[in-house]
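Student: Taken in order, the sequence shown gives residues 17 to 410; the numbers are from my numbering. Backbone N, C-alpha and C fix where the C-beta goes; we use that ideal spot for every residue, glycine too. None of these values were measured; they are calculated from a predicted model.
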Amino acid sequence: MKKTDILNPFILSADIPDSYFCDRQEDTDSLLMRVKSGNNVVLMSPRRMGKSGLIHHLFSRPEIKKDYNTFYVDIYETGSLQELIQKLGQEIVGKLSKTGFASLRRFLSMLTSLRGTFALDPTTGFPTFSVGIGEIPSPEVTLEEIFSYLEGADKPCLVAIDEFQKIADYEQKNVEAILRSRIQMMHNTTFIFSGSERTVLSQMFLSYSRPFYQSASFVQLKAINRDVYAGFAVRMFENYGKRLDKEAVYDLYDLMQGYTYYMHRTLNEAYPLMSAGSVCDKDFLFARIDDILVSYSDACQEILSGLTPNQRALMTAIAREGRATEISSSAFISRHGLPSVSSMQSAARALLKRQLISRNPENEYYLEDKFLELWLIRGLGITPAIRLEQNRRR
Ligand SMILES: Nc1ncnc2c1ncn2[C@@H]1O[C@H](COP(=O)(O)OP(=O)(O)OP(=O)(O)O)[C@@H](O)[C@H]1O
Ligand SMILES: [Mg+2]
């Protein structure tokens, strides 16, 4: 890509070209090392930190591209093994369509358990995996067929299943056992299981009684180093003849506590508005956050309107504290004028389930969405500048 081709170097999708991808060197190397030793990996981080981006980045590394067939499925929207199979089937067919007809035909001919036929893509003439749920009558058999294909593929396969914790929500309760029993026998295929629900994933892989017990090593993705991120952001501006004050990036980093997406989103907003010659400083960046919060307003209202009054009150109280501990203590309850302890416990469970709040290993509760947090507290008179100072005092 030529420099002039890019409209905005702060890319907001998960698949980021190398020159716009910030750091993650050690994380990439650590994944590479594990994958090359044939170890399955659990990649975990809070939401919006960069897991999916890192998986795509890993897949684009020359040593992976050359030596592996890579497949990526995001199963966030799935609710059953059939749907997982649909995603995986579509991904494999999509990838094979690019490599040629022979391997695609071989794959499809192995799927004898499926009902119906494969439709043809009118533009390429290649078959597509447009298989309905009802056409997967024996998902376990189909899964076996897909995995057999991977095992017999010309090169080792690397399969990333993003938002893997979803399988714990499937109605069918033995999906974990089905996957595990097959995966443990695979020699040509390595898996990356990725997700943000720490408790669910830890229970899945670290509890003795669960099928995936100790079957993969854990990689925890942390925030990108503060200096490295600031250096990257300044460089992105400079590369295109614009200027960004490094101190302002530190402010942004501390406000967003290093969560990549929220920093990137703010810089993505600021970048096109800066003219060459002037310097993007803290005031300018924080004004962009205000713009974003205004544009978020409807979405935030929508989220709130889907909550009970107790859930709303608890979420606002947690947002006000930023990181809240002992949320069922009488001190917390009275500090925020909340109703009873028991009603707050059930509100917390509901908010955790919906991933609106999270709990870190230190037992602190916080809002998953930083913009929602900033929007809520702005209604209480706490501006981003005030929150930044509060974060720094913590
Ligand atoms: N290393 C990076 N370099 C540049 N931008 C990044 C990097 N990592 C993440 N981002 C930015 O942050 C955004 C969120 O990253 P990503 O989608 O990978 O996070 P995630 O951990 O998978 O989030 P979720 O848990 O919501 O799925 C990306 O769309 C991109 O804008
Ligand atoms: Mg993701």
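Let me have the residue list for ligand 1: C-beta closer than 5 Å to any non-hydrogen atom, ordered along the chain.
Tutor: Those residues are L28, A30, F37, C38, R40, R63, R64, M65, G66, K67, S68, G69, S212, T276, Y277 and H280, given in chain order.
Student: For A401, which residues in the same chain have their Cβ closer than 7 Å to its Cβ, ignoring the five residues on either side in sequence?
Tutor: If we look at A401 and ignore the five residues flanking it on each side, its Cβ neighbours are F302.
Student: May I ask you to report which of helix, strand or coil DSSP gives A232?
Tutor: Looking at A232 - three-state DSSP - the assignment turns out to be coil, as it is neither helix nor strand.
Student: Can you confirm whether the segment 29–37 touches the segment 208–226 when touching is taken to mean that 3 or more C-beta pairs between the two stretches lie within less than 8 Å?
Tutor: Contact fails: fewer than three Cβ-Cβ distances are below 8 Å.
Student: Contact defined as beta carbons within less than 8 Å: I believe S129 pairs with T94. What is the distance between those atoms, to the nearest angstrom?
Tutor: Wrong, their Cβ atoms sit about 19 Å apart, outside the cutoff.
Student: Since L354 contacts A340 with CB under 8 Å, what's their CB separation in whole angstroms?
Tutor: Contact doesn't hold; Cβ gap of about 11 Å is too wide.
Student: With distances taken from CA atoms, which of P138, D45, S291 and P153 is nearest L97?
Tutor: Checked all of P138, D45, S291 and P153; the closest Cα to L97 is P153.
Student: Count the other CB atoms within 10 Å of the CB of M17; is the residue buried (16 or more) or exposed (fewer)?
Tutor: Only weak support exists for where M17 lies, its pLDDT of 44 falling under 50; the value from the coordinates is given anyway. Exposed: under 16 other Cβ atoms inside 10 Å.
Student: Pick helix, strand or coil for G168, following the three-state DSSP scheme.
Tutor: It is coil, neither helix nor strand.
Student: For the beta strand (DSSP E) holding M331, just list the boundary residues, first then last.
Tutor: No beta strand (DSSP E) contains M331, which is instead part of the alpha helix (DSSP H) from P325 to E337.
Student: Given a threshold of 16 other Cβ atoms within 10 Å of its Cβ, counted over all protein chains shown, does F117 qualify as buried or as exposed?
Tutor: It is exposed - the Cβ of F117 has fewer than 16 other Cβ atoms within 10 Å.
Student: Let's see if you can read the secondary structure: which residues bound the beta strand (DSSP E) around L383?
Tutor: Per DSSP, L383 belongs to the beta strand (DSSP E) from Y381 to L383.
Student: Check T133 in the structure and name its three-state DSSP category.
Tutor: Three-state result, T133: coil.
Student: What number of angstroms, rounded off, separates the C-alpha of L136 from the C-alpha of N56?
Tutor: If you take the alpha carbons of L136 and N56, they lie about 35 Å apart.
Student: Relative to the alpha-carbon of Y165, which residue among S294, F87 and K386 has its alpha-carbon at the smallest distance?
Tutor: Comparing Cα-Cα distances from Y165 to each of S294, F87 and K386, the minimum goes to F87.
Student: Counting Cβ pairs closer than 8 Å, one from the segment 232–239 and one from the segment 41–52, do we hit at least three?
Tutor: Enough Cβ pairs lie closer than 8 Å, so yes.
Student: DSSP on L174, reduced to helix/strand/coil?
Tutor: Note: L174 maps to strand in three-state DSSP.
Student: DSSP on S46, reduced to helix/strand/coil?
Tutor: Helix.
Student: Would you mind reading off the limits of the alpha helix (DSSP H) that contains D83?
Tutor: First-last of the alpha helix (DSSP H) with D83: P78 to D83.
Student: Is DSSP giving V191 helix, strand or coil here?
Tutor: Note: V191 maps to helix in three-state DSSP.
Student: Going by alpha carbons, who is nearest to Y266 out of M279, E254 and Y256?
Tutor: Comparing Cα-Cα distances from Y266 to each of M279, E254 and Y256, the minimum goes to M279.
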